[in-house]
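Trainee: In the numbering used here, the protein residues as written are 59 to 288.
Glycine included, each C-beta is placed from N, C-alpha and C at the ideal position.
Fair warning: this is a prediction, and the values are worked out from it, not measured in the lab.
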Amino acid sequence: MIVGNGMLATAFAPRFGATRDVIIFASGVSNSSETRAAEFARERALLAEALAPHAARFVYFGSCGASTLNEELTPYIRHKRRMESLVLSTPGGLVLRMPQVVGRTRNPHTLTNFLRDRIVSGEHFTVWKNAERNLVDVDDVLAIGGALAADFTLDVSAPISIAAKVSMPMPEIVRMFERVLGKSANCTTVCRGAALPIDVSTAVAVGSRLGIDLGPGYIESVVCKYYAAA
Numbered sequence: 059m060i061v062g063n064g065m066l067a068t069a070f071a072p073r074f075g076a077t078r079d080v081i082i083f084a085s086g087v088s089n090s091s092e093t094r095a096a097e098f099a100r101e102r103a104l105l106a107e108a109l110a111p112h113a114a115r116f117v118y119f120g121s122c123g124a125s126t127l128n129e130e131l132t133p134y135i136r137h138k139r140r141m142e143s144l145v146l147s148t149p150g151g152l153v154l155r156m157p158q159v160v161g162r163t164r165n166p167h168t169l170t171n172f173l174r175d176r177i178v179s180g181e182h183f184t185v186w187k188n189a190e191r192n193l194v195d196v197d198d199v200l201a202i203g204g205a206l207a208a209d210f211t212l213d214v215s216a217p218i219s220i221a222a223k224v225s226m227p228m229p230e231i232v233r234m235f236e237r238v239l240g241k242s243a244n245c246t247t248v249c250r251g252a253a254l255p256i257d258v259s260t261a262v263a264v265g266s267r268l269g270i271d272l273g274p275g276y277i278e279s280v281v282c283k284y285y286a287a288a
């Protein structure tokens, strides 16, 4: 069963759409810049309703940003942490933490679409010099996340992150887009942001069994796959 109709919901639907044993919750707040309490309340209500059937496995997509130790948490991250706790307290609940998921979507709020749109248009934007971000292909999320969701012997007491082995500084990601798009970015760099360490040991192990290499070069390969012809 799939709850939602966005990129992740669409990706997981062919495999889990008809099953009653696994519920894939891929609905709710998708914009990490969201601050409206009403939007967070809407997702909480939808999640509480979807949790009611208590399937053998209930999958919720959390955020890798929820692992940060930064005391200045955004409203979005505070919300995701609360939703993760709710799912983990439910029998069979599995939290898959996501970084920036990349796929074919018109959503202008994704980091990669934002960068593509700004660089192509020449519109000015600001880059946080010390900020790190991580990208993962939606196809790999399906492969690795699907394997985890279907493994009913899995320890689901803590979130599992699916991401590249190493997060990248934002200036490097911008330069990567410049190479792929063949155009220079009109941007200003400011000394803000922080590192984004992510424990991807489980995802790397599962990915290795599936022939997915999340190591060096992975992030650039994802950008090339979806934006080289942009």
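Anyone know if the C-beta pair for L154 and L169 falls short of 9 Å?
Mentor: For L154 and L169, no; Cβs fall outside 9 Å.
Trainee: Label V160 either buried or exposed according to how many other C-beta atoms from any shown protein chain fall within 10 Å of its C-beta, with 16 as the threshold for buried.
Mentor: It counts as buried.
Trainee: Using only the alpha-carbon positions, how far apart do V311 and D198 sit?
Mentor: No answer is possible for residue 311: the residues shown for the chain start at 59 and end at 288.
Trainee: Assuming the contact rule is C-beta atoms closer than 8 Å, E190 and M226 should be a hit. Round their C-beta distance to whole Å, please.
Mentor: Between M226 and E190 the Cβ distance is about 6 Å, and since that is below 8 Å, they are a contact.
Trainee: Alpha carbon to alpha carbon, what distance is there between M65 and A243?
Mentor: Roughly 27 Å between the two C-alpha positions.
Trainee: With DSSP as the reference, label M226 as helix, strand or coil.
Mentor: DSSP places M226 in strand when its eight states are reduced to three.
Trainee: Taking one C-beta from the region 171-185 and one from the region 94-111 each time, how about it: are there three or more such pairs within less than 8 Å?
Mentor: Output reads no: the region 94-111 does not touch the region 171-185.
Trainee: How big is the Cα-Cα spacing for W186 and V262?
Mentor: Rounded to whole angstroms, W186 to V262 spans 28 Å at the Cα level.
Trainee: Could you check what DSSP says for G204 in three-state terms: helix, strand or coil?
Mentor: Of the three classes helix, strand and coil, the one that applies to G204 here is helix, per DSSP.
Trainee: First and last residue of the beta strand (DSSP E) that includes I81?
Mentor: That run of the beta strand (DSSP E) goes V80 to F83.
Trainee: With a threshold of 16 other CB atoms inside 10 Å of the CB of G254, please say whether the residue is buried or exposed.
Mentor: Sequence check: residue 254 is Leu here, not Gly. The residue is buried, with at least 16 neighbouring Cβ atoms inside 10 Å.
Trainee: By DSSP, does I220 sit in helix, in strand, or in coil?
Mentor: Reduced to three states, the DSSP call for I220 is coil.
Trainee: List the residues that DSSP assigns as beta-bridge partners of E190.
Mentor: E190 pairs with P227.
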